[in-house]
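Student: Dropping the structure in here first, questions after.
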Amino acid sequence: MVEEKKLIKGLSSKDAEKRQKSFGLNELSEKKKISMFKIFLSQFNDFMVWVLIGATIISGIMGEKADAITILIIIIINAILGFVQEYKTEKSLDALKSLAAPTCKVYRDGNITVINAKYLTVGDIVILEAGDRIPADGEILECTSLMVDESLLTGESVGISKSLRENENSLYMGTTVLKGKGLLQITAIGMNTKMGEIANLLQDIEDEKSPLKERLDSLGKILVILCIVICALVTVVGILRGNELTEMFLLGVSLAVAAIPEGLPAIVTVALALGVSRMLKKNSLVRKLPAVETLGCISVICSDKTGTLTQNKITVKEVYMNGKVYNLDKDILPQNSLMMKSFILCNDCNYDFNERNIDKALYGDPTETALIKMYFKDINLLKAFTSNTRRVYDIPFDSNRKMMSVIVRENGKESCYVKGAPEKLLERSSYIYENGRIKPLTYQKKQQIIASVNSMSERALRCLAAAYKDESLERSEELEKNLIFIGFVGSIDPPRPEVKDAVLKCKLAGIRPIMITGDHKNTAFAIAKDLNICNTLEQVLTGEEIEVLSDKELSKMVTKIRVFARVSPNHKLRIVKAFRKNGHIVSMTGDGVNDAPAIKEADIGISMGISGTDVTKEASSMILMDDNFRTIVDAIEEGRVIYDNIRKFIRYLLSCNLGEVLTMFLASLFYLPNPLSPIQILFVNLATDGLPAIALGMDPPDSDIMRQRPREKSEGIFARGLTEKILVRGSLIGILTLISFLVGMNYGWSLETCRTLSLATLVMSQLIHVFECRSERHSIFEIKLFTNPFLVGAVAISITMLVAILYVPALSAIFHTTALNFGQWLLVLFFSGIIAIINSIYLYIKVKR
């Protein structure tokens, strides 16, 4: 970077604070949020609630004041539960929006610092690089090859070149840097920007409805119609049998309220929001809720190597120059000012000369800081080395060219220094500098260099070459021709220690981990083999080999490939398409602006939170806050957990609601007295549908969840026998509840006692069934009870409520119940638990076999 840039101080912290108070925050006005009170009131904006309120009024008029008050209390409690769910979801999404807010690099107090873009103020100096989103309006102070996408404002998708000329030096909020770099001084923020004028707020977290939620909304409507028809039938049959009109109307409404799973979409939203919050704690930020569903389907993870599979802590280990290889751990590196200048001056690392510690004084890409630390341990020596140099022109690094070039003026003389991939520099070099002399670069010499590159690469060293020229310094891409090759270095970026376990976890889960890197084929293979991603060199494919393959040929070949080396962003896009053509659900990671198309094409696009550009973050479904491969695997596991938990409470709610409807319907069908009174039906809904269902959404994963194959993306929520489970278990709950009622009648007990017996059986059946719903593969005996303390607590509260309405006289009078004796409780526990025990024994035997 130009030396003058390093001397820029920017605003002081105090000055920035004053300006923020004066100009406000750098954010666009949002639509007014719904107040807590309105969220609470919206819980009553439901047809069934209106009918229930009407029923409450009628009960009051008819003199059933206790019933009316109880129904009203139940309505309010249900509204509170709904409000808590919705409010927590809103808060979770707001927190995610805040975390996903764009950041920018600015000069503050003479240092480069990363801040949330909303704290940017007028006068701030922002550092811009390819892939950055421009955080506010401003004027360019310095730039190199700067090209910006202003399609957001103009509709033109063609990149616009920017310069220091008067008509080309303005940049606008929300546009993105496609190429080059520069410094921008902020002139307008927030609503005073051009973006503010058109009031087009760009939000990172999209308020997108999950496809699963849409499907469940549709299912809910069907179930509502079905339940209303059945409840109307029960009501009509009761009236025809001579029951009171008011009683049967209230019974029908109560049954409809209890039977309709109105909380299903809300609980799905809560489960998604809670899951997203858990994922955030594990460093994965989900930008789009539908991605949570897709995570559990992923069968291929295409991952960058540097920083994701490796630690991104780069150290130079070996140097090739003067025809020899020097090991920096034991050899003394001969002085070569040309190689030093190539790696130090052709370098975009920023320096803080006020910081004594060299590690803290350098800001930039780990490879570039490693090159500086290879030569300098003292920041003052670095300052002295660069003090008489000034960069006058550069061609930034490009992932397709795989090189970077600068023209530097030193003591009145200009020279060009280049660094990049050895094979790329060898292609463009005509000479070699050895032992103080410039010689022609012969074919034999090139082969010797390539052999040394291969040797280092096989030991997992990443090679970077240096070259120079001091004649024909054209200000164009012609600059990078007829170079004088100097030598190359081999650096090591050790694998993350936790990645090997994560790779094994992927394989057990039927997920294929794929490494994608710009490194040499041998380097990529050495690291991939160490991580158990691949076993043989035949499983590695290079960018050059991809170039000669058609899309059809690539689709056939990718099934055997585990590593892609020396690839460009365009290759990444083709790789994603090839895997998807084979029916795989693909995740793709990326950080650079050119990675955006591949990330957008993938089923789950993942951008890097630390090294990723704003463009890739906007294209992605998920952001890795720590750039770690293990975080991707953790997110996939969480995606599976969320989907499983949604299936769990769908199974629970629909089975229980079917049991309630069937109990009343069969009683009407066989001309039996109603097994439950209206107020008892509402109590069942309150005690079993609320807290236990929510707690089920917080269930920890099955121990073998990452030993299951990825599910098909097209798989319906009721696949794998869930419909049968719901129908069978729901029917059994209803039948056994009715049988318990008939047993009571057979013993000649009072109608009130018989109804209490069926009420207790229905409630306990559902509370036992909630533990069955914790796993589709394991019996109730295999699941550890206290791994979900929320569920244990919710069930305990529900049982306490049941006991209270049986044994507290005031409540017993309201709910028309009687106190059950020990023998009657044995009947309740037998009828509510027998099916769960039989089912668990069957599952246990099935698993053992």
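Counting in our numbering, the sequence shown runs from 783 upward without gaps. Every residue gets a Cβ at the ideal spot worked out from N, C-alpha and C, and that includes glycine.
Going by DSSP in three states, GLY1472 sits in which element: helix, strand or coil?
Tutor: Looking at GLY1472 - three-state DSSP - the assignment turns out to be coil, as it is neither helix nor strand.
Student: Going by DSSP in three states, ILE1293 sits in which element: helix, strand or coil?
Tutor: Three-state result, ILE1293: coil.
Student: Between which two residues does the beta strand (DSSP E) harbouring ASN898 extend?
Tutor: Unbroken beta strand (DSSP E) run through ASN898: 893-898.
Student: Could you work out which residue in LYS1359, THR885, PHE1270, LEU854 is closest to ILE1214 when comparing CA atoms only?
Tutor: For the residues LYS1359, THR885, PHE1270, LEU854, the minimum Cα distance to ILE1214 belongs to PHE1270.
Student: Distance, Cα to Cα, SER1273 vs ILE1126?
Tutor: So the two alpha carbons sit approximately 16 Å from each other.
Student: Based on Cα-Cα distance, which residue from ILE1616, ILE1550, SER1402, PRO1474 lies nearest to ALA1380?
Tutor: The option with the nearest alpha carbon to ALA1380 is SER1402.
Student: Would you give the residue range spanned by the beta strand (DSSP E) that CYS1245 belongs to?
Tutor: Segment 1244-1251, the beta strand (DSSP E) holding CYS1245.
Student: With 16 as the cutoff for other CB atoms within 10 Å, does MET1446 come out buried or exposed?
Tutor: Per the 10 Å Cβ criterion, buried.
Student: Quick one: using the 10 Å Cβ neighbour count with 16 as the cut-off for buried, is TYR1145 buried or exposed?
Tutor: Its Cβ being crowded by 16 or more others within 10 Å, TYR1145 is buried.
Student: For LEU910, name the three-state secondary structure that DSSP assigns.
Tutor: In this structure, LEU910 counts as strand in the three-state DSSP scheme.
Student: So the alpha helix (DSSP H) GLU799 belongs to, where does it begin and stop?
Tutor: Per DSSP, GLU799 belongs to the alpha helix (DSSP H) from 795-805.
Student: For ARG1023, which residues in the same chain have their Cβ closer than 7 Å to its Cβ, ignoring the five residues on either side in sequence?
Tutor: Excluding positions up to five away in sequence, the list reads TYR1453.
Student: At which residues does the beta strand (DSSP E) containing ASN1109 begin and terminate?
Tutor: Here the beta strand (DSSP E) through ASN1109 covers 1106-1109.
Student: Within the same chain, show all residues whose beta-carbon is closer than 8 Å to that of GLN802, passing over the 5 residues directly before and after it, in chain order.
Tutor: The answer, listed in chain order, is TYR901, THR903.
Student: In whole angstroms, what is the alpha-carbon distance linking ARG1183 and GLU1192?
Tutor: Cα to Cα, ARG1183 sits roughly 27 Å from GLU1192.
Student: I need the straight-line Cα distance from ILE1154 to SER1187, nearest angstrom please.
Tutor: Each residue's Cα considered, the two are about 17 Å apart.
Student: To which residues of the same chain is GLY1365 closer than 6 Å at the C-beta, ignoring the five residues directly before and after it?
Tutor: Cβ within range, chain order: n/a, list empty.
Student: Measure the C-alpha to C-alpha separation of ALA1203 and LYS1287 and round it to an integer number of angstroms.
Tutor: Rounded to whole angstroms, ALA1203 to LYS1287 spans 34 Å at the Cα level.
Student: I need the straight-line Cα distance from PRO1483 to THR1543, nearest angstrom please.
Tutor: PRO1483 and THR1543: Cα-Cα distance of roughly 29 Å.
Student: Could you name the residues of the same chain whose beta carbon sits closer than 6 Å to that of ILE1367, not counting the 5 residues immediately before and after it, in chain order?
Tutor: Same-chain partners within the cutoff: CYS1079, ILE1080, SER1081, ASP1385, LYS1495.
Student: For the alpha helix (DSSP H) that contains THR1305, what are its first and last residues?
Tutor: Per DSSP, THR1305 belongs to the alpha helix (DSSP H) from 1303-1312.
Student: Would you say LYS1303 and ARG1356 are within 8 Å of each other, going by their C-beta atoms?
Tutor: No, the Cβ-Cβ distance between LYS1303 and ARG1356 is not below 8 Å.
Student: From ALA1475, ASP1283, ILE839, TYR1589, pick the residue whose C-alpha is nearest to that of ILE1432; which is it?
Tutor: If we check each option's Cα against that of ILE1432, ALA1475 comes out closest.
Student: By Cβ distance, which residues of its chain are closer than 8 Å to LEU1015, with the 5 residues on each side in sequence left out?
Tutor: Around LEU1015: PHE1447, SER1450.
Student: Only counting runs of 3 or more residues, tell me where the beta strand (DSSP E) segments fall wholly within the segment 1137-1205, in order along the chain.
Tutor: Listed in chain order, they are 1171-1180, 1185-1192, 1195-1202.
Student: Excluding sequence positions up to five away, which residues of its chain have a Cβ less than 6 Å from the Cβ of GLY1421?
Tutor: So the list reads VAL1074, LEU1077, GLY1078, once near-sequence residues are dropped.
Student: Assuming THR957 and GLU932 form a contact by the criterion Cβ under 8 Å, report the distance between their Cβ atoms to the nearest whole angstrom.
Tutor: About 5 Å separates the two Cβ atoms, so the contact holds.
Student: What three-state label does DSSP hand ASP1484 in the structure shown?
Tutor: Residue state, collapsed to three classes: coil.
Student: Determine the DSSP secondary structure at LEU966, reduced to helix, strand or coil.
Tutor: Strand.
Student: What is the residue span of the beta strand (DSSP E) that VAL1068 lies within?
Tutor: Looking at the DSSP string, the run of the beta strand (DSSP E) that includes VAL1068 is 1066-1068.
Student: What's the gap between the Cα of GLU1216 and the Cα of PRO1116?
Tutor: Answer to the nearest angstrom: the Cα atoms are 12 Å apart.
Student: Looking at PRO1276: is its Cβ nearer than 8 Å to the Cβ of THR1092?
Tutor: Contact flag set, yes.
Student: Is DSSP giving VAL930 helix, strand or coil here?
Tutor: Three-state DSSP puts VAL930 in a strand.
Student: Could you check what DSSP says for ASN1264 in three-state terms: helix, strand or coil?
Tutor: DSSP places ASN1264 in coil when its eight states are reduced to three.
Student: Run the CB neighbour count on SER1532, radius 10 Å, all protein chains shown included, and call it buried at 16 or more, exposed below.
Tutor: Per the 10 Å Cβ criterion, exposed.
Student: Just confirm the distance between the C-beta atoms of ALA1152 and ILE1096, as a whole number of angstroms; I'd bet it's less than 8 Å.
Tutor: Right, their Cβ atoms sit about 4 Å apart.
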